[in-house]
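Chains as they are written, first to last, in this note's numbering: chain A, 1 to 423; chain B, 1 to 224.
Just so it is clear, CB atoms sit at the ideal spot from N, CA and C, and this is done for glycine as well.
Here is the structure we will look at.
Next comes the structure, spelled out in structure tokens:
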């Protein structure tokens with residue numbers, strides 16, 4: 001008998017537990033459905049800047065900080081900063097450890113002109129994310145506007161240390177505040193390593209401080225990658241600092257501003273590179289109707305010459321191959337080179353031209369190449385640099401045709417380029 | 001005290017005095033500690049706010065809300081980007097998408113915007129003279145006594161700027177940005193602006209769907 005009575009009390013207990021479990025599950029479903037729907041509404045509200053949708057999100061999940069954050073975002077977008085502040089204060093009370101919400105609150109208070117309130121909010125953000133860049137960067141910028149420069153730069157430097165993306169901004173701020181003083185900028189930035197020094201060098205090159213830029217770059221040269229060097233050279237060239245750009249490759253030039261003009265690798269003995277930006281020949285990556293290669297079959301001097309094959313339509317004004325050459329201002333020079341041609345058929349024959357590297361003014365050009373030569377011919381021409389010319393571009397181009405398009409066919413070989421000063 | 005001892009004490013005192021004097025000299029000649037960065041002169045600094053905190057370009061670098069804008073800054077917005085520069089006591093500059101300009105200002109109440117391309121709205125307060133110029137010269141100035149608003153658009157390739165015709169606000173500069181969407185939703189009421197009854201219907205429908213498995217469960221064993 002006890003065997004039959006025994007299980008009876010367990011039945012209602014089991015039922016009770018099951019009902020309770022169902023109720024708990026239903027409650028959880030309800031809560032998660034409300035939260036999920038609230039989040040969906042919050043997202044929608046932010047996308048459409050809809051205050052009613054954000055309010056609905058809050059009414060569905062009043063204790064979800066994301067809903068309050070969404071309403072604050074909508075208020076901010078509509079420039080209703082008081083409302084945004086209230087919502088963000090609620091959000092921070094619901095999730096006090098979230099540095100992003102503190103940052104948003106700080107920004108809104110800053111918009112309202114409540115500098116101290118913004119500072120307090122940013123302090124909280126830094127407290128909860130002390131090693132992250134975004135909190136320090138925001139607080140640093142506020143301190144800067146408050147005129148507390150030493151504290152500001154301490155934060156900004158810390159931010160740039162955590163996230164290198166801020167380094168150019170840090171240098172830019174120091175440069176602006178120091179009114180373009182290199183020494184003060186360097187001291188305010190307090191360069192921590194070679195990478196920071198390279199960033200400063202790039203910045204100075206961009207801002208026309210070529211000499212200081214090169215000095216900084218030399219200090220960090222051991223850590224500079226080939227890409228850094230090319231970047232730096234490009235900046236110097238863009239700033240028309242040709243001499244400094246050359247120094248980077250060749251070492252310091254002669255003292256006393258004496259510049260000796262040289263055509264680098266005038267015999268085309270070295271390899272050609274697409275990326276060469278300063279010292280050497282520049283070959284454009286894409287050229288229609290033209291193929292350029294080194295040829296070892298019949299050089300005029302050395303072991304190789306440059307072969308250019310024209311095989312269709314090409315832009316006659318385009319520079320097919322070029323090189324920047326350092327020169328003295330108001331100086332007369334002579335260019336010598338050897339040329340060989342075969343079956344050249346075109347309305348715009350090729351030639352060598354020299355133009356000012358800064359303003360592009362044409363300073364001189366060779367005669368148009370003959371259409372066919374049995375052997376190498378040496379051509380030369382003279383030009384005089386302008387008052388402010390510091391570098392010239394030597395380039396292979398074509399004469400314009402009388403009509404467009406201007407196709408060309410045949411072969412041209414070049415070798416033995418040299419430049420000499422004339423008394 | 002013996003004469004010899006007195007002389008000794010005098011010598012010690014003299015040596016001590018000399019040492020103290022040396023310390024004094026060293027302190028007076030002391031330089032600020034190396035490595036302490038110099039403090040530049042105080043100047044007013046403007047504040048940037050960007051739409052949706054999306055980064056724009058300032059002096060070639062990325063900058064978002066909260067960034068500092070110094071005088072002489074070149075500011076550039078891309079498509080779908082707009083920004084506001086809060087100039088504090090001087091006023092506000094709203095920048096539309098696809099705009100490039102150079103902003104200069106000083107503490108004597110002068111704000112100058114060199115609009116290279118795009119649209120901008122400059123609102124100046126009293127005692128501030130604002131001016132927007134383009135490559136063709138001055139597009140307009142605000143009155144220093146009263147302050148004022150300049151709304152200028154200078155699209156690329158245009159023959160001249162469009163001044164004070166609301167073109168800059170229409171192109172996305174200024175307070176009007178984003179307002180219509182919120183207003184439309186507000187007028188309809190309910191979620192997504194579909195009205196309160198429809199909202200209730202959606203919520204009720206969703207709830208019923210969630211609870212359906214509970215009501216219609218068929219477990220032949222009877223156990224749960």
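For the region 155-186 of chain A, the beta-carbon criterion of a distance under 8 Å to any beta-carbon of chain B is satisfied by 165, 168, 169, 172, 173, 176, 177, 178, 179, 184. Annotation: residue 85 of chain A to residue 162 of chain A spans about 29 Å, alpha carbon to alpha carbon. If you keep only unbroken alpha helix (DSSP H) runs of at least 4 residues inside the region 24-97 of chain A, you get 51-60, 65-77, 81-94. Within the DSSP secondary-structure output, residue 313 of chain A pairs in a beta bridge with A:407.
Counting the other CB atoms within 10 Å of its CB gives residue 274 of chain A a total below 16, which places it among the exposed residues. Cβ atoms of residue 130 of chain B and residue 154 of chain B stay farther apart than 8 Å, at about 16 Å.
Beta-bridge annotation (DSSP): residue 143 of chain B is paired with B:147. If the five residues before and after residue 203 of chain A are omitted, its C-beta is found closer than 6 Å to the C-beta atoms of 171, all from its own chain and listed in chain order.
Within a 10 Å sphere around the beta-carbon of residue 310 of chain A sit 16 or more other beta-carbons, which makes this residue buried.
With its beta carbon less than 8 Å from one in chain A, residue 38 of chain B belongs to the interface. In this structure, DSSP gives residue 383 of chain A an extended state, which the three-state scheme calls strand. Here the alpha carbons of residue 247 of chain A and residue 237 of chain A stand approximately 12 Å from one another. For residue 333 of chain A, the enclosing beta strand (DSSP E) starts and ends at 332-346. Contact check for residue 111 of chain B against residue 128 of chain B passes: the beta carbons are separated by less than 8 Å. Proximity of the region 362-371 of chain A to the region 306-326 of chain A falls short of the contact definition, fewer than three beta-carbon pairs being nearer than 8 Å. Taking a beta-carbon distance threshold of 8 Å, residue 67 of chain B counts as an interface residue toward chain A. Among the residues facing chain B, residue 127 of chain A is not included, as its CB has no counterpart in that chain under 8 Å away. Here the region 341-354 of chain A makes contact with the region 384-396 of chain A; the two share three or more CB pairs at distances below 8 Å. Secondary structure note for residue 194 of chain A: its alpha helix (DSSP H) is the uninterrupted segment 194-206. If you check the CB distance, residue 216 of chain A and residue 280 of chain A do not come in under 8 Å. Here residue 100 of chain A carries a helix assignment [DSSP, helix/strand/coil]. Listed as beta-bridge partners of residue 105 of chain B by DSSP are B:111. Excluding sequence positions up to five before and after residue 219 of chain A, its CB lies within less than 7 Å of the CB of 197, all in the same chain and listed in chain order. For a Cβ distance threshold of 8 Å, nothing in chain B lies close to residue 65 of chain A: the least Cβ distance comes to about 18 Å. Burial state of residue 84 of chain B is buried, judged by a 10 Å Cβ sphere holding 16 or more other Cβ atoms.
By the criterion of a C-beta distance shorter than 8 Å, residue 97 of chain A is surrounded in its chain by 128, once the five residues flanking it on both sides are discounted.
Sequence-distant partners of residue 269 of chain A (beyond 5 residues in either direction) whose C-beta falls short of 7 Å from its own C-beta, in its chain, are 302, 303, 304.
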